[in-house]
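In this note's numbering, the protein residues as written are -11 to 285. Notes follow once the structure below has been shown.
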Amino acid sequence: MWSKTLRRGIALAAAAALALGAAACGSDADDSGSTGDSKKIIIGYMAWDEAIAASNLWQRILEDKGFEVELKNLEAGLVYGGLAKGDIDLFLDGWLPQTHAAYWEQYGDKLEKIGVWYDNASLSIAVPQYVDGVDSLEDLAAQAETFDGEIIGIEPGAGLTAATQDKVIPEYGLTDVMDLRTSSTPAMLAALDRAIAGKEPIVVTLWHPHWAYAKYELKDLADPKGTLGQAEEVTTLARAGFGEDFPEVTAMLKKFTMDSQQLGSLEDLMFNVHKDDEAKAVDAWLDANPEYLGSLS
-11 MWSKTLRRGI ALAAAAALAL GAAACGSDAD DSGSTGDSKK IIIGYMAWDE
39 AIAASNLWQR ILEDKGFEVE LKNLEAGLVY GGLAKGDIDL FLDGWLPQTH
89 AAYWEQYGDK LEKIGVWYDN ASLSIAVPQY VDGVDSLEDL AAQAETFDGE
139 IIGIEPGAGL TAATQDKVIP EYGLTDVMDL RTSSTPAMLA ALDRAIAGKE
189 PIVVTLWHPH WAYAKYELKD LADPKGTLGQ AEEVTTLARA GFGEDFPEVT
239 AMLKKFTMDS QQLGSLEDLM FNVHKDDEAK AVDAWLDANP EYLGSLS
């Protein structure tokens, strides 16, 4: 028994020594990161179209540079929480200073702000252009029955949802006449598409930039009370320590910008031309914009 136990102890000690040796080898840092697993980057995103487009674009850019990239589709609050815990490395769709203000207040001191890549974002509530007599949020209360008493929304955890529920509805006297029906961005867009195909009235929560404004004739409802806020910045955020771990990637992300035409054309390829094939859409967009990668180096 004693010799068997001794042999087992020696085997365990040898295994531990091998593990320590492997860990020591894996700790060598290079310009891409600080650990042996440093070539993997997790990008969190919510199902807003600019987030999907930007995340898939950067997956392609980083994979071409030898990184392993995983995309995680989560609600905004879970993305921020994941960044704060270090479970997610990057988030390319931080809407600041208003839409994600609550998340920034809760988690901002645990995150790195890398840069702004789109500077004219805004929230909106819209109807098809053919809907007469509804041009302002002030018109909705009197026209509630036209829309079956519903505003078609997106994800429950979205900042746009909170703004609509907490500000638009009470401040425009809609509390007892209209409900916000939350679901998902794809479900909202599907409902919008069906309504327009049948020329039926519908009111949806939406935002700029979005390809829907190019595909459909829509009108944003005026917001004289300013409940949806002013133009915002779409910001790249990272977990604490990301810049130190990934200096090369961070330098590229600091140079990352897109204007409305660039983003709109990428979204059109991704959600219309090559629907459900994000990689093909990114390839097509990069082929059409061969100078773009050079702007990041």
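Just so you know, even glycine gets a beta-carbon here, dropped at the ideal spot from N, CA and C.
Would you kindly work out how many angstroms separate the C-alpha atoms of residue i and residue j, rounded to a whole number?
i, j, result
"Thr223", "Ala89", "12 Å"
"Lys(-8)", "Ala228", "Here Lys(-8) scores only 34 on pLDDT, less than 50, and its place in the model should not be relied on; the value that follows carries that caveat. Rounded to whole angstroms, Lys(-8) to Ala228 spans 48 Å at the Cα level."
"Trp92", "Trp199", "27 Å"
"Lys286", "Gly147", "In this structure the chain extends from -11 to 285, so residue 286 is not present and cannot be described."
"Ile40", "Val115", "24 Å"
"Ala5", "Ile29", "Residue placement at Ala5 is poorly supported in this model, since its pLDDT is 39, which falls under 50; the coordinates are not used for a value here."
"Leu62", "Gly70", "10 Å"
"Glu51", "Val57", "7 Å"
"Val261", "Ala269", "8 Å"
"Asp123", "Thr152", "17 Å"
"Gly141", "Leu99", "29 Å"
"Lys101", "Ala226", "6 Å"
"Gln249", "Tyr201", "12 Å"
"Leu125", "Ile157", "9 Å"
"Tyr33", "Lys60", "6 Å"
"Gly121", "Gly161", "17 Å"
"Asp256", "Trp46", "17 Å"
"Gln94", "Tyr68", "9 Å"
"Leu180", "Asp264", "19 Å"
"Gly137", "Ala130", "10 Å"
"Trp273", "Lys207", "28 Å"
"Asp75", "Val119", "45 Å"
"Tyr280", "Asn108", "20 Å"
"Gly103", "Leu84", "11 Å"
Restricting to Cα atoms, I'd like to know which of the options is closest to residue i.
i, options, result
"Thr149", "Arg169, Asp275, Val165", "Arg169"
"Thr245", "Glu63, Glu58, Gly282", "Gly282"
"Gly82", "Tyr160, Thr215, Ser43, Ser112", "Ser43"
"Lys213", "Glu138, Leu274, Lys27, Asp127", "Asp127"
"Asp167", "Ala185, Arg182, Ile190, Ala183", "Ile190"
"Ser110", "Ala179, Val119, Leu209", "Leu209"
"Phe55", "Ala226, Asp136, Phe234, Gln218", "Phe234"
"Lys155", "Lys27, Gly252, Leu216", "Leu216"
"Glu159", "Trp195, Ala202, Asp211", "Asp211"
"Pro144", "Ser171, Asp97, Ala129", "Ser171"
"Val237", "Leu284, Tyr280, Leu180", "Leu284"
"Glu38", "Gly121, Gly252, Lys263", "Gly252"
"Glu133", "Gln47, Val165, Leu257, Gly161", "Val165"
"Thr87", "Ser112, Trp105, Ala239", "Ser112"
"Lys242", "Trp105, Gly96, Lys53, Gln47", "Trp105"
"Ile139", "Leu274, Ala239, Trp273, Leu177", "Leu177"
"Lys203", "Gln218, Phe259, Glu188", "Phe259"
"Lys187", "Phe135, Gly103, Trp195, Phe230", "Phe135"
Measure how close the beta-carbons of residue i and residue j come, nearest whole angstrom, since I'm counting them as under 8 Å.
i, j, result
"Ile49", "Leu78", "Contact doesn't hold; Cβ gap of about 12 Å is too wide."
"Ala35", "Thr173", "5 Å"
Does any C-beta atom of chain D lie closer than 8 Å to the C-beta of residue i?
i, result
"Ala239", "In the structure shown, chain D does not exist; there is a single protein chain."
For residue i, write down the residues that DSSP places opposite it in a beta bridge.
i, result
"His196", "Ser110"
"Arg169", "Ile140"
"Asn61", "Tyr33"
"Pro158", "DSSP lists no partner for Pro158."
"Thr223", "Gly82, Val104"
"Leu99", "Arg227"
"Glu56", "Lys28"
"Lys207", "Val115"
"Ser124", "Ala210"
Would you mind sorting residue i into buried or exposed? The rule is 16 or more other CB atoms within 10 Å of its CB.
i, result
"Pro278", "exposed"
"Glu220", "buried"
"Gly65", "buried"
"Thr163", "exposed"
"Glu266", "buried"
"Ala276", "exposed"
"Ala185", "exposed"
"Gln117", "exposed"
"Pro197", "buried"
"Glu205", "exposed"
"Glu232", "exposed"
"Ala183", "buried"
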